[in-house]
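All the letters of the sequence shown, read from the start, carry residue numbers 1 to 129 under the UniProt record's numbering. Ideal placement from N, C-alpha and C gives every residue a C-beta, glycine not left out.
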Amino acid sequence: MIKWPWKVQESAHQTALPWQEALSIPLLTCLTEQEQSKLVTLAERFLQQKRLVPLQGFELDSLRSCRIALLFCLPVLELGLEWLDGFHEVLIYPAPFVGSMMNGKTISVWCITNVLFSQVRAGSKGLSF
Numbered sequence: 001m002i003k004w005p006w007k008v009q010e011s012a013h014q015t016a017l018p019w020q021e022a023l024s025i026p027l028l029t030c031l032t033e034q035e036q037s038k039l040v041t042l043a044e045r046f047l048q049q050k051r052l053v054p055l056q057g058f059e060l061d062s063l064r065s066c067r068i069a070l071l072f073c074l075p076v077l078e079l080g081l082e083w084l085d086g087f088h089e090v091l092i093y094p095a096p097f098v099g100s101m102m103n104g105k106t107i108s109v110w111c112i113t114n115v116l117f118s119q120v121r122a123g124s125k126g127l128s129f
């Protein structure tokens, strides 16, 4: 894939994104200010380069987009965004699902849950996007 270096610096969003609110999830609050700043920079580039595709009626607002980008970039914080090359879209489902794939003699089965995307029920404490 050819990367155009001048596109990386362009701002994909004209409005300010809610990065401080997006960083407020418990997983990210333990990062230092410098790490959070670096993560936000990577996440901004992620949102410029990748397309988030909500499916089956899932509502995607700017806060959810920011949190998804931050969570995608966290594992590659010290490695760089290049480690996330190889895909252009992120498909976002509103509910958990089980998928399987048969590849020769190998059968892969995976379960994708929406724990981070579920609504907080009344009286419960949890993480909600």
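Task: Continuous beta strand (DSSP E) stretch holding residue 54: start and end - done: Residues 51–54.
TODO: Give the DSSP-derived three-state secondary structure of residue 68 in the structure shown.
DONE: Helix, per DSSP.
Task: Three-state class that DSSP yields for residue 91 in the structure shown - done: In the three-state DSSP reduction, residue 91 falls in the strand class (E or B).
Open item on the list: Under 8 Å, with one C-beta from each stretch per pair, do the region 68–80 and the region 26–40 reach the 3-pair mark?
Closed with: The answer is yes - the region 26–40 touches the region 68–80, with three or more Cβ pairs under 8 Å.
Open item on the list: Would residue 94 and residue 72 qualify as a contact pair, given that the criterion is a beta-carbon distance under 8 Å?
Closed with: It is not a contact, given that the beta carbons lie outside the stated cut-off.
Task: Proximity winner among 27, 43 and 31, relative to residue 84 (alpha-carbon distances) - done: Among 27, 43 and 31, the Cα nearest to that of residue 84 is on 43.
- [ ] Would you grab the beta carbon distance between residue 53 and residue 89 for me? Rounded to a whole angstrom, and I think it's under 8 Å.
- [x] Your pair residue 53 and residue 89 checks out as a contact, with CB atoms roughly 5 Å apart and the cut at 8 Å.
- [ ] Output the distance between the C-alpha atoms of residue 18 and residue 63, rounded to the nearest integer angstrom.
- [x] When rounded, the distance between both Cα atoms is 6 Å.
Task: Heavy atom of the ligand PLP within 7 Å of residue 73 beta-carbon - done: By its list of ligands, the structure shown contains no ligand whatsoever, and the ligand PLP lies outside what it can speak to.
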